[in-house]
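Enquirer: Residue numbers (my numbering): 21 to 139.
Idealized CB from N, CA, C, for every residue including glycine.
Here it is as structure tokens:
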């Protein structure tokens, strides 16, 4: 009787532990999003990539300057696309349909304003 009980406890424990590791793997799922920005120069690229690397959950950032599209890899359990777009806006750039934060945009150098030709 004791051995059956011990066996059942061991099996139950293993099932719980395996479910926990599956849940942990799901939580650490890395997703990727592409966001259209208003970056126009190398300074914009440096600023955006540098600042976005400090956002919670972001694992990688790459801005393709000619297309103005930023590719961001992020942990889905730490952040989401809306938070990432808002973070870009707070740096002073448009992010898809989210306009740049006015105060942040005003602080950008003249060469980084969206009405300037890409250079």
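Thinking residue 72 and residue 53 are a contact (beta carbons under 8 Å), I'd like their distance in whole angstroms, please.
Expert: About 11 Å separates the Cβ atoms of residue 72 and residue 53, ruling out a contact at the 8 Å cut-off.
Enquirer: Quick one: what's got a C-beta closer than 7 Å to residue 121's C-beta in the same chain, skipping five residues either side?
Expert: Within the same chain, 109, 110 and 112 come within 7 Å of residue 121 by CB-CB distance, once the 5 residues on both sides are set aside.
Enquirer: For residue 117, tell me which candidate among 55, 50, 96 and 77 has the shortest Cα-Cα distance.
Expert: Considering only alpha carbons, the answer is 55.
Enquirer: Would the beta-carbon of residue 99 fall within 8 Å of that of residue 133?
Expert: no
Enquirer: Decide if residue 131 is buried, meaning its Cβ has at least 16 other Cβ atoms within 10 Å, or exposed.
Expert: exposed
Enquirer: Let me see if you follow: with CB-CB separation under 8 Å, is residue 107 close to chain B or not?
Expert: No chain B is part of this structure, which consists of one protein chain only.
Enquirer: For residue 57, count neighbouring C-beta atoms within 10 Å of its own C-beta (all shown protein chains included) and say buried if the count is 16 or more, exposed if not.
Expert: buried
Enquirer: Please list, in chain order, all residues of the same chain as residue 124 whose beta carbon is under 7 Å from its beta carbon, the five residues on each side excluded.
Expert: 110, 111 and 112
Enquirer: DSSP state of residue 113, grouped into three classes?
Expert: coil
Enquirer: Using DSSP's beta-bridge definition, name the partner residues of residue 90.
Expert: Here residue 90 is bridged, per DSSP, to 55 and 83.
Enquirer: Quick check on this structure: which residue in 96, 69, 94 and 78 has the alpha carbon closest to the alpha carbon of residue 84?
Expert: 69
Enquirer: Kindly indicate the opening and closing residues of the alpha helix (DSSP H) around residue 124.
Expert: For residue 124, the uninterrupted alpha helix (DSSP H) run begins and ends at 122–127, by DSSP.
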